[in-house]
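Report on the following structure.
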Amino acid sequence: MVVSSRLVVTLLGFAPAVLAQQSTWGQCGGTGWTGATTCVSGSCCTYQNDWYSQCLPCSGGGGSSTSTSTTSSTSQTTTTTSSSVSQASGSFTNPVLWEDLADNDVFRVGDAYYYTASNMHYSPGAPILRSYDLAHWEYIGHAVPTLSWSPKYDLANGQRAYVKGTFASTMRYRASNGLWYWIGCIEYSTTYVYTASSPTGPWTKRSTMNTCLYDCGLLIDDNDTMWVAYGNPNIYVAQLSSDGLSVANTKLVYTTPTSIGVLEGSRFYKRNGRYYIAATHPANAEYVLQASSAQGTYSSKVLVNSIAAPVSGAGNPHQGSLVDTPTGQWYYMGFIDAYPGGRMPVLAPITWGADGFPSVTTVNGAWGQSYPYTLPQRPLPPTTGTDSFSGTSLGPAWEWNHNPDTSKFAVNNGLRLSTATVTTDLYQARNTLTHRIHGPNGVGTVVMDVSGMADGDRAGLALFRDQSGWVGVMRDGASYRLAVVNGIGMNADWTTSSTGSVAYSTPISATKLWLRISASIAPGAAHTATFSYSTDGNSFTTVGPAFTMTTAWQYFMGYRYGIFNYATKALGGSIQVSSFTSN
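So this is what it looks like as structure tokens:
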């Protein structure tokens, strides 16, 4: 797997203490923490980032431990997180992955689970993750190699495609021909089919349908017939051609009553000879439709409605997938709106009633913060850690803002970013490389050499969304300045409202820099971020004012780290990135 070869994985253990003890999963350290710093027996206080350490089950057993790690240096390592499965307690916690991965389609092939999600204008499109226990996940690829549908996805000639692209798509494996299928409607008008012989790719665009299978869910029936459930506010079922590349026929199967209003986000299943469509009422409920045939008459029942989230301040769990295990158990993977971080997956077991409908297992009437776990647990390298850009290609956790200019970057035991756009607008600059922030408190650190920058170039690390800021370097003439720029923003139509203003700057002579963003992306919290830098990788200096992240949902995607380099005068400059660490 590509990402894991780039992660340096270290579990941090600490010496036991006998002070007041924190329970398993509780906070036990971090900058400004004044509570208990020791854990109950069997748990170790584990460093997550400079702001947050947590009592996690000790990987090797043993007693409680203490964390005193409050230094400003970045450890080029990674730890397990609050999203991990406990070997000791046999439980998982929610969110199962504290990263922005909305509109999930989760399904099982053999003993492996696959997860595809929305990523809109980021390229490549439709990220794919894999798990063997529904709680540990690894990025393995993308189903859409490039967003090849319009020049606006290249940021060409002043065009842009923010909040367009891939969303609420579907993916399945077809055993009869050994192909994996991804199907998605783009811009409410055209549906594309991509296929591959392996989920890791390469993926190929195979079909263009001049109709929109909106918010679609694919089912491959026992007789190999391919069905797609789709639609808003009513639900349709289309039968695909034998090759799965066109629509043979379609039928309205469920007219949503006014008491529900709107349904969308369809996922399609078959169980015990019955057909099921899971659909969401945005953004607080999930309904399950049931019929005796794929295009039959469906009845409905609520699965969850305004159920309390497992994360304080988050929206209600909804819009997700039903997935079975090899031993016949079932789970529901929904997501929660948790801005500014985005929409995170949450998992709960379900049971099936005598009426053939599923019910979510709740904890005191709410979605559980944790549940007992029964599947064999198979930890994977965490999605946090250090990427040193080894080899000659990017790992699958990385996504560009729109399609990149492939002639302006190179990966060869490091990442070289040459300027690809002359602009003063970060949102119009090509080749901004983004990485999801791992919550609830993320720290991203990039190490870059800026000696190749040209006059007028701007390079650094951005906190990237529709309201953005960055820490980086401005070269003007022969001088280099370390700067913080904030106030970068977009209007409601995704045109740029402001290219930002310099909130801090100082001359700098060093050409190798560590640039850092520390961001609290938990909902209901202060949702602030700070910028800092270092010239030695050990001592970091906070610069500029704290940045307040927006929690508005209309952009859909959560905040990301963005490594950028653009020109304001002429192309020709470059930076060399030696590593990026996400904690």
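Mapping of the sequence shown onto mature numbering (1 follows the signal peptide of the UniProt record, and there is no 0): residues -20 to -1, 1 to 563, in sequence order.
All residues carry an ideal CB built from backbone N, CA and C; glycine is no exception.
Where residue i falls, given that 16 or more other Cβ within 10 Å makes a residue buried
i           : result
V482        : exposed
W78         : buried
W332        : exposed
Y168        : exposed
R358        : exposed
Q1          : buried
T342        : exposed
G553        : buried
L232        : exposed
A265        : buried
Q534        : exposed
V242        : exposed
G449        : buried
N285        : exposed
residue 565 : With the chain covering -20 to 563 only, the question about residue 565 has no answer from this structure.
S514        : buried
A506        : exposed
Check whether residue i and residue j have beta carbons under 8 Å apart
i    : j    : result
T548 : T404 : yes
W129 : Y95  : no
D429 : T366 : no
I497 : L443 : yes
R396 : Q556 : yes
M313 : G321 : no
G504 : D80  : no
L114 : Y311 : yes
R152 : I200 : yes
N471 : F527 : no
E495 : G542 : Going by the sequence as given, residue 495 is Leu instead of Glu. Taking 8 Å as the Cβ cut-off, L495 and G542 do not qualify as a contacting pair.
V451 : V464 : yes
L406 : F536 : no
G197 : I257 : yes
G145 : I166 : yes
A318 : V291 : yes
P306 : D91  : yes
S562 : G424 : yes
Supposed contact pair residue j and residue i - C-beta distance, whole angstroms, cut 8 Å
i    : j    : result
V124 : W207 : Incorrect: roughly 22 Å between the Cβ atoms, too far for contact.
H382 : Y174 : That belief does not hold up - the Cβ atoms of H382 and Y174 are roughly 19 Å apart, past 8 Å.
F560 : H418 : Their Cβ separation, rounded to whole angstroms, is 12 Å, which puts F560 and H418 out of contact at 8 Å.
T399 : L551 : 5 Å
W380 : S103 : 5 Å
V86  : V303 : 5 Å
R110 : P179 : 7 Å
M189 : V143 : With 8 Å as the limit, M189 and V143 do not qualify as a contact, their Cβ atoms being about 22 Å apart.
S368 : V391 : The pair is not a contact, with the Cβ atoms about 11 Å apart (cut-off 8 Å).
For residue i, the nearest candidate out of the options (CA to CA)
i           : options                : result
T354        : N264, Q309, D85        : Q309
Y172        : M470, G105, N212, T180 : G105
V427        : P362, G394, L127       : G394
V227        : G245, C192, T476, S477 : C192
residue 588 : A288, K250, P362, P290 : Outside the shown range of the chain, which is -20 to 563, sits residue 588, and nothing can be said about it.
G276        : A288, P306, T235       : T235
G371        : Y267, A265, F147, S558 : S558
F315        : R110, A259, G253       : A259
T238        : R254, N214, Y255, P420 : N214
M433        : Y460, V523, P356       : Y460
Y351        : T18, P75, C25          : P75
L159        : T18, K185, P384, V402  : K185
A499        : G211, G145, G422       : G422
F485        : S373, T521, A509       : The sequence as given places Ser at residue 485; Phe does not occur at that position. The option with the nearest alpha carbon to S485 is T521.
P329        : G336, V340, Y319, A288 : V340
T510        : I501, V523, D516       : V523
A294        : C24, S21, C19, A532    : A532
T363        : S187, W378, A263       : W378
A502        : V391, P525, A289       : A289
Nonlocal neighbours in the same chain, by C-beta distance under 6 Å from residue i, ignoring five residues either side
i    : result
S156 : D204
G469 : Q447, S477, S478
S53  : In this predicted model, S53 has a pLDDT of only 30, less than 50, meaning its place in the structure is not dependable; the value taken from the coordinates is given anyway. So the list reads N518, once near-sequence residues are dropped.
A218 : V208, V227, T230
K388 : S398, A400, N411
A141 : H101, K132, Y133
S431 : T491
Proximal residues to residue i (C-beta, below 8 Å), its chain only, five neighbours per side dropped
i    : result
P131 : N137, Q139
S273 : Y255
Spatial neighbours of residue i in its chain, beta-carbon cut-off 7 Å, leaving aside the 5 residues before and after
i    : result
G245 : D83, A148, D195, A259, T260, Q299
I120 : M(-20), I108, L109, R110, P179, T180, P376
D435 : R455, D456, G457, K549
A409 : T401, T403, F544, Y546
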